[in-house]
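Worksheet for the structure shown next.
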Amino acid sequence: MSTLYLTILFPLIGFILLAAGRNKLSENVAAIIGVGSVGLSALFALIAGLAFTNSGDTVFVQHLWTWFNVGGFAPGISLQLDGLSLIMMGMVTGVGFLIHIFASWYMRGEEDYARFFSYFNLFVASMLLLVLGDNLALLFLGWEGVGLCSYLLIGFYYSNPANGWAAIKAFTVTRVGDVFLLIALFLLYQQFGTLNTQYIVENAATVMTQSSSLSIWTALMLFLGAAGKSAQIPLQTWLADAMAGPTPVSALIHAATMVTAGVYLCCRMFSVMEMAPEVMQFISITGAVTLLVAGFAALVQTDIKRILAYSTMSQLGYMFMAVGAEAYQAGLFHMLTHAFFKALLFLSSGAVILAYHHEQNIFKMGGLFKHNKFLFACFAIGGGALAAIPFLTVGFFSKDAILWQVWAHGHTTGIETFGTLFWVGVAGAFLTSIYTFRLIWIVFFGEEKTAYHPIKGATYWAPLAILAVLSTGVGALLQAPVIGILNQAGIPAFVMTDALAHLQHGVELKAVGIALAGLAVGIFLFAFAYGAVKSFAQSSLGAGLAHVCRTAFGFDALYDIVFVKPYLFIAKILGRDPVDGLWLVLPAIVKGGNSFTSARQTGSLREYASSMSLGIVVLLMILIVIQVVGK
C-alpha cells in the first residue's frame, strides 16, 4: 500500500510527457504513453487493493507532505484508502483503462492526438485525487481538476464554435455547483475546525445538531455541489451538450469519472447528510424528478449520444434516490454497474458512429445488424443492463435493489413521500425500456440510410468484449464483495426489518413487471406500429409534446431568460463603463464653459461695453435682493 501514490503519479507523468511533446510525438508513441500510464495506474491500484484487503485494515492513510499551513489550517497531500475509495479507485482505473484502449483506436488520424491523451490522462489523475484525498481541501482540488479537464475535452474540436460554447456551458454550470460546495467546506471547517473527512464523518453526530439550520444549510450546500457535477436538477443542463466532445470523452465522463463524483461525495459524507433528514428527503425527490425528466427527454432525441446522455442523467437520479433513502450501498453498487454498461454503450456508439462515417443521427443509420452482429450484441447487453432486464443483466441486480430499498425506507420511517418516489422510479424504468428499444431497433433493424464502413482492430473489440461480460449477470458476482468492502468501510447497510422482508419479492416483481411492460410497449410501437408513431409525431399535439421533451422541458430556455439575457444586458451596460462616464461630466462642464467664454472674445469694443454694463446691472440687482431679504 506504500505505492498508493503511484496510481495518481503515473497518469500525471503521462499528462506532462504528452503535453510537452504534443505534435512532436507520433500517434504510436502518444498511445503507448497515454494508455500505458493508465494501465500502470490500474496495475498499482490492483496491488494496493489486494494489499489492503489482505491486511484487514479499515483505513490506510499515506501522508506525502503538508500542502500549506495558514493560521493553523494545514491540509496535507495525504491519500486515504478505505472500502469506498478502493471501489472508486478500481472503477476509475479499470474502466478508465479500457476506455483509453478504445480511444487509441477511435482517435487514430485525428489532429492533436497527443493533446487528446494528455487531457485524458489528467482527467484520470484528477479523479483519483478526488476519491483518494483524505481531506475535503484535496478532494476539492481534484474536483476542480475534473471540471477543467471536462472543459478541455468537451471543447476538443474547438474549431467549431458550437463545441466551444458547449465546453463553456459545462464549465460555467458546474462552477455554480462548485461555489455551493465551497460554501459547504467553509461551514464544515467552522463547525469541526478541520476538513479531514474521517474525523468529520466519525464526529458529525456529536458536533452537529440534527435538523438545526446550520446542519440543514451544510447538507444542502454539499448536495447542491454534488448536483452540479452529477447533473441533477437544477444544474443538469450541461450534460447533454457535453456530447460535443469525442465519444471516448463521453464514455469517460459518464462511466468512470466526473458525473460519479457527486454520488461519491454524498456517500463519503453520509453522516453529515443524515444530520438533516429534510435535505435527505429533498435529495431523493430531486433524483426522482431528474430521472423522470431525463427519461422523457431521451424518448425523442435523434442523436445517439444525446440519448445515452439523458439515460446517464436518469440513472444518476436513481443513485441520488438511494442516497436520500439511506440506501448508500445500493446506490454505490448501481454506480459501479452503471460504469460497466454505460461505458459499453458509449464505446459501442462510438464504433457505430465511425461505421457510419461520423453520423450521429440514428434516423440516418439503420440496418447495422446484418453488417456487424458483434456491435448488436454489445448494444443488446448494454441496453438490457440499462433497462434492467431481469437476471441476465447486471443492471437488474443494482437498480431493483434501489427501488426496493426506497419503498422499504418509506414504510420503515412512515414517510409517504418515499412510497411515491418508488412509483416514480418504476415509471422511469418503464420509459428506459421504451427509449432503449427505440435506439437499438432503429440503428440495427431500421431502413439503412447510410453506407456501412467496416471497422476492425483488437483495440476496438477487446474493451467492448470485457465490458459486455461485466454488464451481464456475471457482473452481479461483484455485489457480495462490494457490499463486504463497504461494510468494512463503515458505509451503513440498509436495515431490513422482519416485517418487510416477506414483501421484498412482491415489490421487486412490480418493478420488473412494469419495466418489461415498457419493453413490450417499445416493441409494439417501433417494430409493429411505427407508422402510427410517425403520424402522431407529425400531428400538432405530437409535435408539441416532442418539442417539450426534446428540449428537456425547457430548462435551457428558462435559464436563458432568467440568467443569460439579464447578465448579457448588464455586461453590455458595464462594457460602456458608466462609472467612468459619470466622472467625465466634470471635464465636459469645464470644456463647455471654456467654449462659451472663448466664443465671447470677439474683439468688438461695443460688445465688451455692453457685457460690462449688463454685468454691473446684474450685480446691482443681486445686492438689492440681498438687502431686501436681510431686512
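Residue numbers 3 to 633, in the working numbering, belong to the letters of the sequence shown in order.
Using N, Cα and C, we set each Cβ at its ideal position, and we do this for glycine too.
- DSSP places I156 in the helix class (H, G or I) of the three-state scheme.
- Nearest C-alpha to S316 among L86, S232, V251, A278: S232.
- Its Cα nearest to that of L377, the residue V354 stands out among A390, Q407, V354.
- With 16 or more neighbouring CB atoms inside 10 Å of its own CB, A253 falls in the buried class.
- DSSP, reduced to helix, strand and coil, places Q481 within a helical segment of the structure shown.
- For W67, no alpha helix (DSSP H) segment is defined; the enclosing uninterrupted segment is the beta strand (DSSP E) at 62-68.
- Pairwise C-beta distances place the region 98-117 in contact with the region 26-34, as three or more of them are shorter than 8 Å.
- Counting the other CB atoms within 10 Å of its CB gives Y160 a total below 16, which places it among the exposed residues.
- When DSSP states are grouped into helix, strand and coil, F530 belongs to the helix group.
- According to DSSP, residue pairing for S80 in a beta bridge involves H65.
- For V302, the closest C-alpha among the options I364, L83, A21 is that of I364.
- Within the model, the alpha-carbon separation for M367 versus V471 is close to 26 Å.
- Rounded to whole angstroms, the separation of the alpha carbons of F496 and A329 is 6 Å.
- DSSP places Q193 in the uninterrupted alpha helix (DSSP H) bounded by 163-194.
- When the five nearest sequence neighbours on each side are left out, the beta carbons in the same chain lying within less than 6 Å of the beta carbon of Y358 are those of M367, T452, in order along the chain.
- With a cut-off of 8 Å on Cβ pairs, the region 502-519 is not in contact with the region 371-385, counting fewer than three such pairs.
- Here DSSP, grouped into helix, strand and coil, assigns D305 to strand.
- Residue environment for G51: buried (at least 16 other C-beta atoms within 10 angstroms of its C-beta).
- At the C-beta level, N198 and N137 come within 8 Å of one another.
- Cβ contact annotation for G369 (same chain, cutoff 6 Å, sequence separation greater than five): E450, in chain order.
- When secondary structure is reduced to three states using DSSP, V72 falls in the strand class.
- Taking C-alpha positions only, Q238 is separated from F439 by approximately 24 Å.
- By alpha-carbon distance to T208, the top candidate from I287, Q193, V72 is Q193.
- In the three-state reduction of the DSSP assignment, T95 falls in the helix class.
- Under DSSP, the beta-bridge partners assigned to N137 are N198.
- When beta bridges are read from the DSSP output, T395 appears opposite T474.
- Within the same chain, S39, V40, S43, N123, L124, V126, A127, L130 come within 8 Å of P13 by CB-CB distance, once the 5 residues on both sides are set aside.
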